[in-house]
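In my numbering, the protein residues as written are 10 to 100.
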């Protein structure tokens, strides 16, 4: 019975990690969108350094979003494969 409890606990932690990574990915996407939308507003100012810094940060956030999207996708595939293997073992 304790092995079953360990297995359930491990699945819960994996699911929590997947959910946390998904939330972080969404935060990165929302931050990038906000910075891209703020960029054109700052364009009217004479100093274009502000615009360049906003766009640079937004591009970095977008690249981090793509990386985290890959991580979440990979974790999701691994999680699904483990679940499928366990179902096949039970049958």
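Just so it is clear, CB atoms sit at the ideal spot from N, CA and C, and this is done for glycine as well.
In this text, all values refer to a predicted model and were calculated from it rather than measured experimentally.
Quick one: is residue 72 buried, meaning 16 or more other Cβ sit within 10 Å of its Cβ, or exposed?
Exposed, since its Cβ has fewer than 16 Cβ neighbours within 10 Å.
Have a look at residue 12 and residue 41 and give me their C-alpha separation to the nearest angstrom.
Roughly 44 Å between the two C-alpha positions.
Measuring only the C-alpha atoms, how far is residue 64 from residue 85?
One C-alpha to the other measures close to 31 Å.
Do you know whose CA, among 26, 33 and 90, lies nearest residue 75's CA?
For residue 75, the nearest C-alpha among the options comes from 33.
Assign residue 89 to buried or exposed, taking buried as 16 or more other Cβ atoms, counted over all protein chains shown, within 10 Å of its Cβ.
Label assigned to residue 89: exposed.
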